[in-house]
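Sequence order for the protein chains is S and U. Residue numbering for the first sequence is 0 to 333, as defined by numbering that gives the first Met the number 0. Residue numbering for the second sequence is 0 to 222, as defined by numbering that gives the first Met the number 0.
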Amino acid sequence: MYSKMTLQGAFALITMLLSACTTIPDAPGNLVPLTADQDPSIPAIEVNGARLHSEAFGPEDSTMIICIHGGPGADYKYMLNCMSLAESGYRVIFYDQIGSGLSERFDKSYYTDKGADALTLMYDELAGVIEHYRTSPEQKVYLLGHSWGGMLAAGFAGYHPDMVQGLVACEPGGLIWEDIVTYVSTSRAFSLWSETLNDATYLDQFITGDENDHETLDYKLALLASENTITNEYNVDGGVWRSGAVVNAGLFEIGMEYEVDLTIGLENFTIPVLFMYSELNEAYPLSWAEHVSSAFVNASLFYVPNAGHSGIIQDPVIWNTITQPRILEYFQSL
Amino acid sequence: MSIQKYIASLFILLIVQQSHAQSINWNDADTSRPVLIFGKFGVEYGVCYSLGGGYLTQLLGFPILLNASISLPVGETPFDDKKTKLGATIKWYSYKGFTVSTDIHGVYRSYENTYVHLDNFGSDLSATVGYYASHWFFAGQVGFDKAIATKYEHTPVYQSIYPEVVNGWYEPASGGNFYYGLGAGATFYHYTIGMRAGKILNENFYAGPMLPFYGELQVHLLF
Numbered sequence: 000m001y002s003k004m005t006l007q008g009a010f011a012l013i014t015m016l017l018s019a020c021t022t023i024p025d026a027p028g029n030l031v032p033l034t035a036d037q038d039p040s041i042p043a044i045e046v047n048g049a050r051l052h053s054e055a056f057g058p059e060d061s062t063m064i065i066c067i068h069g070g071p072g073a074d075y076k077y078m079l080n081c082m083s084l085a086e087s088g089y090r091v092i093f094y095d096q097i098g099s100g101l102s103e104r105f106d107k108s109y110y111t112d113k114g115a116d117a118l119t120l121m122y123d124e125l126a127g128v129i130e131h132y133r134t135s136p137e138q139k140v141y142l143l144g145h146s147w148g149g150m151l152a153a154g155f156a157g158y159h160p161d162m163v164q165g166l167v168a169c170e171p172g173g174l175i176w177e178d179i180v181t182y183v184s185t186s187r188a189f190s191l192w193s194e195t196l197n198d199a200t201y202l203d204q205f206i207t208g209d210e211n212d213h214e215t216l217d218y219k220l221a222l223l224a225s226e227n228t229i230t231n232e233y234n235v236d237g238g239v240w241r242s243g244a245v246v247n248a249g250l251f252e253i254g255m256e257y258e259v260d261l262t263i264g265l266e267n268f269t270i271p272v273l274f275m276y277s278e279l280n281e282a283y284p285l286s287w288a289e290h291v292s293s294a295f296v297n298a299s300l301f302y303v304p305n306a307g308h309s310g311i312i313q314d315p316v317i318w319n320t321i322t323q324p325r326i327l328e329y330f331q332s333l
Numbered sequence: 000m001s002i003q004k005y006i007a008s009l010f011i012l013l014i015v016q017q018s019h020a021q022s023i024n025w026n027d028a029d030t031s032r033p034v035l036i037f038g039k040f041g042v043e044y045g046v047c048y049s050l051g052g053g054y055l056t057q058l059l060g061f062p063i064l065l066n067a068s069i070s071l072p073v074g075e076t077p078f079d080d081k082k083t084k085l086g087a088t089i090k091w092y093s094y095k096g097f098t099v100s101t102d103i104h105g106v107y108r109s110y111e112n113t114y115v116h117l118d119n120f121g122s123d124l125s126a127t128v129g130y131y132a133s134h135w136f137f138a139g140q141v142g143f144d145k146a147i148a149t150k151y152e153h154t155p156v157y158q159s160i161y162p163e164v165v166n167g168w169y170e171p172a173s174g175g176n177f178y179y180g181l182g183a184g185a186t187f188y189h190y191t192i193g194m195r196a197g198k199i200l201n202e203n204f205y206a207g208p209m210l211p212f213y214g215e216l217q218v219h220l221l222f
């Protein structure tokens, strides 16, 4: 009798202690920041029914530079060095893509139900951002895309060749599905014995999350993407506000099912393209840069020394001394 | 060669040299040899090796193996990630070699990377049905591994990314996975060498973990 009462008392105490000092993992704001639809203080625009985190800098009427982040599911925080292009007279525009960064979240089916048209959703979103900020039909548009952002910029240029007057693509993984698979595999081919691989896989027994549990899955993706010793990108300097796990999974699922092709229509885009690749991204040697860039009618390669995948833009020294001067030179040549 | 590679390599050598031993063969287990030690090497949420021990006794007429183990994944940073289990394996029913048993374990595990240190308390429950002969066995297993409560301690790196992040204990459960698979082994002179392999599924059944399978070699010794 005594031991039964002791057991019941201990159970009650443990329950009380747990409920008194625990936090709910998927409650908004606990592990990852709120999104623009949850926090009105976040600068945002409405595009095609989604609230997108977005900012613009520089003279409103001058040539627009749209900075397109990677992922899918990263955000534009790591591209903020590009803001300095405004000092050269450009209108510099940032936005977090749908389901990414601090932009509004949607269920996975929102993307997968669209099938192959999910890519069109991303093109329409980019067109919507351009329209939102455009002050006149004559205003020129330059795209500056990094990684997945470079892939999206290429696809958009083929889809709307007349809407784009300049394109900088920084290490787009691949523009056809076969190349995307190759690049993703190569850039994540961690050694079986490595800390990086085991940090990624070991986490699965701590955190799972439902298919549309955005807070939990975004947090988990952030932990997984904290560093990559092959591409030599390190999101440890505040590189990302919030990952977008559901849009990432949704677009990869569509890519796999429909074998997406981002080169469609690129033969109609004849404007010179500046194609950048880095020294320290081991998955992106010159041969891969030549292979991927061959989809463009007129691309010139630019090698960025001492930088990894994200360092091309994220590293302030590289940006100020190598990347930005070359981009300005390219824009001025158009 | 890192210390973990060295230990893992030694363990593989141990398995090869002994060529004896695995998961408990109930047909070889009796209370005259109540002490069990075991080692495992394989893949389960990463490449891991583990060591453990147990004590075989009787509880209310049922054979019960009280046991504890520690499992460590390989990697350049030793001991930052780990899993310890404490619990019991109970043989409930046996008829002409066919045996039904269950495992119930309390789990403590920890994880660390650039952004966070996690401490978790959970449970691992499984049921095994198999055929156990004198020198071999074959069994199927179904189980559920639940992360019940997790403590999050974020590093200054993540706090610089998201200063408002809330540290502390998070509950209800942050994760859970089902697993099912098959195992087999051979027993010689109270050594058992065996293997088990199977599939891991997210508790919501919509996806699996990044490594959606497990597989390991085991060496058990009763003495």
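All C-beta atoms, glycine included, are put in the ideal place defined by N, C-alpha and C. Source: prediction; values computed, not measured.
Legend entry - Where ILE103 (chain U) falls, given that 16 or more other Cβ within 10 Å makes a residue buried: Exposed, by the Cβ-count rule.
Inset, instruction - Identify each residue in the segment 192-210 of chain S for which the Cβ-Cβ distance to at least one residue of chain U is less than 9 Å, and report them in chain order. - result: Residues of the segment 192-210 of chain S whose Cβ lies closer than 9 Å to any Cβ of chain U, in chain order: TRP192, SER193, GLU194, THR195, LEU196, ASN197, ASP198, ALA199, THR200, TYR201, LEU202, ASP203, GLN204, PHE205, ILE206, THR207, GLY208, ASP209, GLU210.
Inset, instruction - Check PHE334 (chain S) in the structure and name its three-state DSSP category. - result: For residue 334 (chain S) there is no data in the structure shown, the boundaries of chain S being 0 and 333.
Legend entry - Nearest-angstrom Cα separation, counted from ASP112 (chain S) out to THR181 (chain S): 26 Å
Legend entry - Proximity test, Cβ basis, 9 Å: THR113 (chain U) and chain S: yes
Inset, instruction - Within its chain, find whatever has a CB closer than 6 Å to the CB of GLN21 (chain U); leave out the 5 residues flanking it on each side and keep chain order. - result: The predicted position of GLN21 (chain U) is uncertain, since its pLDDT is 34 and thus under 50; a value taken from the coordinates is nonetheless stated next. Contacts found: GLY184, THR191, ILE192, GLY193, GLN217, HIS219.
Legend entry - Within-9 Å CB hit, VAL235 (chain S) to chain U: Unreliable placement is indicated for VAL235 (chain S), whose pLDDT of 49 sits below 50; the coordinate value is still reported in the next sentence. Judged by the 9 Å Cβ criterion, VAL235 (chain S) is in contact with chain U.
Legend entry - Rounded Cβ spacing between PHE78 (chain U) and LEU71 (chain U) (contact assumed at less than 8 Å): 7 Å
Legend entry - Neighbourhood of ILE89 (chain U) by C-beta, 7 Å cutoff - its chain only, sequence neighbours within 5 removed: PHE61, ILE63, SER100, THR101
Legend entry - Short-range partners of chain U found in the segment 298-310 of chain S, where Cβ spacing is below 8 Å: For the segment 298-310 of chain S, the beta-carbon criterion of a distance under 8 Å to any beta-carbon of chain U is satisfied by none of its residues.
Inset, instruction - Starting from HIS131 (chain S), trace the alpha helix (DSSP H) both ways and give me its first and last residue. - result: 117-132
Inset, instruction - For GLN140 (chain U), name the three-state secondary structure that DSSP assigns. - result: strand
Legend entry - chain U residues whose Cβ lies nearer than 7 Å to that of GLU226 (chain S): THR113
Legend entry - ALA26 (chain S) versus PHE37 (chain U): straight-line alpha-carbon distance, rounded: 42 Å
Legend entry - Residue-level contact to chain U via CB, GLY238 (chain S), 9 Å cutoff: yes
Inset, instruction - Output yes if chain S places a C-beta closer than 9 Å to the C-beta of ILE160 (chain U); else output no. - result: yes
Inset, instruction - Give a yes or no on contact between the segment 151-170 of chain S and the segment 269-286 of chain S, applying the rule of three or more CB pairs nearer than 8 Å. - result: yes
Inset, instruction - Answer with buried or exposed for MET255 (chain S), where buried requires no fewer than 16 other C-beta atoms within 10 angstroms of its C-beta. - result: exposed
Inset, instruction - Could you name the residues that DSSP lists as bridge partners for ASN66 (chain U)? - result: U:GLY53, U:GLY86
Legend entry - Limits of the unbroken alpha helix (DSSP H) element including ASN197 (chain S): ASN197 (chain S) -> alpha helix (DSSP H) spans 194-201.
Legend entry - 8 Å contact criterion, which THR230 (chain S) and HIS308 (chain S) should meet: CB distance rounded: 4 Å
Inset, instruction - List the whole-angstrom C-beta distance separating VAL128 (chain S) from SER53 (chain S), where the pair is believed to meet the contact cut-off of C-beta under 8 Å. - result: Sure, about 7 Å apart at Cβ, within 8 Å.
Inset, instruction - Quick one: measure Cβ to Cβ for ALA294 (chain S) and LEU265 (chain S), integer angstroms, because I've assumed they're closer than 8 Å. - result: 6 Å
Legend entry - Range of the contiguous alpha helix (DSSP H) that encloses PHE155 (chain S): 147-158
Inset, instruction - Taking only beta-carbon positions, decide if ALA35 (chain S) is within less than 9 Å of chain U. - result: no
Inset, instruction - Compare the C-beta of GLU163 (chain U) against all C-beta atoms of chain S and say whether one is closer than 9 Å. - result: yes
Inset, instruction - Could you tell me whether the segment 131-140 of chain U touches the segment 109-121 of chain U, where touching means 3 or more Cβ pairs closer than 8 Å? - result: Segments in contact, no.
Inset, instruction - Output yes or no for whether 9 Å exceeds the beta carbon distance between PHE212 (chain U) and PHE177 (chain U). - result: no
Inset, instruction - Please determine, among S:ASN47, S:ALA73, S:THR34, S:ILE44, the residue with the shortest C-alpha to C-alpha distance to LEU250 (chain S). - result: S:ALA73
Legend entry - Coarse secondary structure for GLN158 (chain U), derived from DSSP in three states: helix
Inset, instruction - Mind checking which residues open and close the alpha helix (DSSP H) that includes HIS68 (chain S)? - result: Where HIS68 (chain S) is concerned, there is no enclosing alpha helix (DSSP H), given that its DSSP letter is neither H nor E.
Legend entry - Test: ILE199 (chain U) CB closer than 9 Å to a CB of chain S: yes
Inset, instruction - Give the DSSP bridge partners of GLU111 (chain U), in chain order. - result: U:HIS116
Legend entry - Alpha carbon of GLY132 (chain S) to alpha carbon of VAL239 (chain S), nearest angstrom: First, the amino acid is wrong: residue 132 (chain S) is Tyr here, not Gly. Using only the alpha carbons, I get a separation of about 24 Å.
Inset, instruction - Buried or exposed for ASN319 (chain S), please, with buried defined as at least 16 other CB atoms from any protein chain shown within 10 angstroms of its CB. - result: Exposed, since its Cβ has fewer than 16 Cβ neighbours within 10 Å.
Legend entry - Close beta carbons around ALA288 (chain S), own chain, < 6 Å, minus the five adjacent residues each side: TYR276, LEU300
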